[in-house]
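This report concerns only the one structure given below.
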Amino acid sequence: MGGLTGAIILAVFAFIKYKRKKDNTPEADERVKHNIFRFSAYVSYVSLAVLFMGIFIFSLLGAESVSIAYLWIFFVAYIWITGIGTVIARKR
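Quick look at the structure:
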């Protein structure tokens with residue numbers, strides 16, 4: 656229920672922002688979109704490399720399994736880093 660409420664609130668904010676805009680200029684030009692795409696690609700590649708290296712090191716140390724909590728922490732950190740980096744890249 657909370658996800659639906661959040662989606663409705665975001666939709667209302669997007670609609671208000673769309674209606675308040677007076678000109679037809681886009682929010683971001685091609686350079687910004689290219690920079691955001693490039694940043695997202697780099698973060699994805701680096702995070703996959705870190706994940707595989709971490710699993711490799713865990714297996715070298717003799718661990719038979721990796722806790723799901725560590726994987727969730729890594730996934731949430733990846734989402735946060737990507738989101739914050741995208742906002743920073745969009746503002747430049």
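All the letters of the sequence shown, read from the start, carry residue numbers 656 to 747 under our numbering. Every residue, glycine too, gets a C-beta built ideally from N, C-alpha and C.
- DSSP places Lys676 in the coil class of the three-state scheme, outside both helix and strand.
- When only Cα atoms are considered, Ala704 and Lys674 end up about 43 Å apart.
- Here the alpha carbons of Ala718 and Phe670 stand approximately 51 Å from one another.
- Inter-residue distance for Lys688 and Ala662 is about 24 Å (C-alpha atoms, whole angstroms).
- The DSSP assignment places 685 to 715 as complete runs of the alpha helix (DSSP H) inside the region 658 to 730, in order along the chain (cut-off: 4 residues).
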